[in-house]
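Here the structure is laid out as structure tokens; the discussion comes afterwards.
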Amino acid sequence: MRRRRGFTFVELLVVVIVMGILATIAVLKYIDLRHHALSSTATADLQAVRLAAYSAFYENSSWPGEAGAGTVPPALAPYLPVNFSFSRTEYTLDWENFAPAGGGQTSSMQLGVVVSSSNTRLMKALQDHLGSKAPFFVLGNTLTFVIVGPDGRI
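Under the working numbering, the first residue of the sequence shown carries the number 1143, and numbering increases by one thereafter.
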């Protein structure tokens, strides 16, 4: 009778397959957790911009003007945290001021912050994270966070 030493090839193959499946599950869970963390960061950024917009309005009696995507509006910058950026690695913020030139109300909203990203899973996580806590609407890979409604309130 031969004495068996070590593992057979089939036993090793089964162990490698099981380890591969477990590693795949762990990587997918990590990706979901990363998207959740990024959506939390984006939500915090949106809230910081909202508070800065209200501060700017109360001090200047007007909303900060329009700025390009990824650019902090100059009139909003003093009210944002130090080194705050509208351009992040995973997403970009865009300040939208829909108020008429002479001031006053518009028919639907006055201000919004547009979050755009090419990462669809991140955008879905951001929608899930915001839920019904804040007014927003989605068009494609952009999410517009509404700051002021037609009556001047959120």
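Yeah, the Cβ is synthetic: ideal placement off N, Cα and C, and Gly gets one too.
| Between GLY1207 and ALA1217, is the Cβ-Cβ spacing less than 8 Å? | Here the question's residue 1207 lines up with position 65 in the sequence shown. Here the question's residue 1217 lines up with position 75 in the sequence shown. Against a cut-off of 8 Å, the Cβ pair of ALA1217 and GLY1207 comes out as a contact.
| Exposed or buried, what is ILE1289 when buried is set at 16 or more other beta-carbons lying within 10 Å of its beta-carbon? | To locate residue 1289, count along the sequence shown from 1; it is residue 147. ILE1289 comes out buried.
| Is the number of C-beta pairs between the region 1218-1233 and the region 1248-1268 that are closer than 8 Å three or more? | yes
| said: If distances are taken between C-alpha atoms only, which option among LEU1264, LEU1253, ASP1174 comes closest to PRO1215? | reply: Here residue 1215 refers to the residue found at position 73 of the sequence shown. Among LEU1264, LEU1253, ASP1174, the Cα nearest to that of PRO1215 belongs to LEU1253.
| task | Name, in chain order, the residues that DSSP records as bridge partners for GLY1254. | result | Residue numbering aside, residue 1254 sits at position 112 when the sequence shown is read from its first letter. DSSP output for GLY1254 lists GLU1238, VAL1288 as bridge partner(s).
| What three-state label does DSSP hand ILE1296 in the structure shown? | Counting from 1 along the sequence shown, the entry for residue 1296 is found at position 154. Unreliable positioning characterises ILE1296 in this predicted model, as indicated by a pLDDT of 49, which lies under 50. The coordinate reading is nonetheless provided below. ILE1296 falls in the coil class under three-state DSSP.
| request: Put PHE1199 into one of helix, strand or coil per three-state DSSP. | output: As a working note, residue 1199 is residue 57 in the sequence shown. Three-state result, PHE1199: helix.
| Straight-line Cα distance separating THR1183 from ALA1190 | As a first step, residue 1190 must be located in the sequence shown, where it is residue number 48. As a first step, residue 1183 must be located in the sequence shown, where it is residue number 41. So the two alpha carbons sit approximately 10 Å from each other.
| task | Take PHE1278 and list the residues in its own chain whose beta-carbon comes closer than 7 Å to its own, dropping the five residues that flank it on each side. | result | Start at 1 with the first residue of the sequence shown, and residue 1278 comes out as number 136. The answer, listed in chain order, is LEU1272, LEU1285, THR1286, PHE1287, VAL1288.
| task | Identify which residue in LEU1281, ASN1283, ALA1276, LEU1268 has its Cα closest to the Cα of ALA1179. | result | Locating residue 1179 in the sequence shown gives position 37, counting from the first residue. Nearest option by C-alpha distance: LEU1268.
| query | SER1229 by DSSP, collapsed to three states: which one? | reply | As a first step, residue 1229 must be located in the sequence shown, where it is residue number 87. Residue state, collapsed to three classes: strand.
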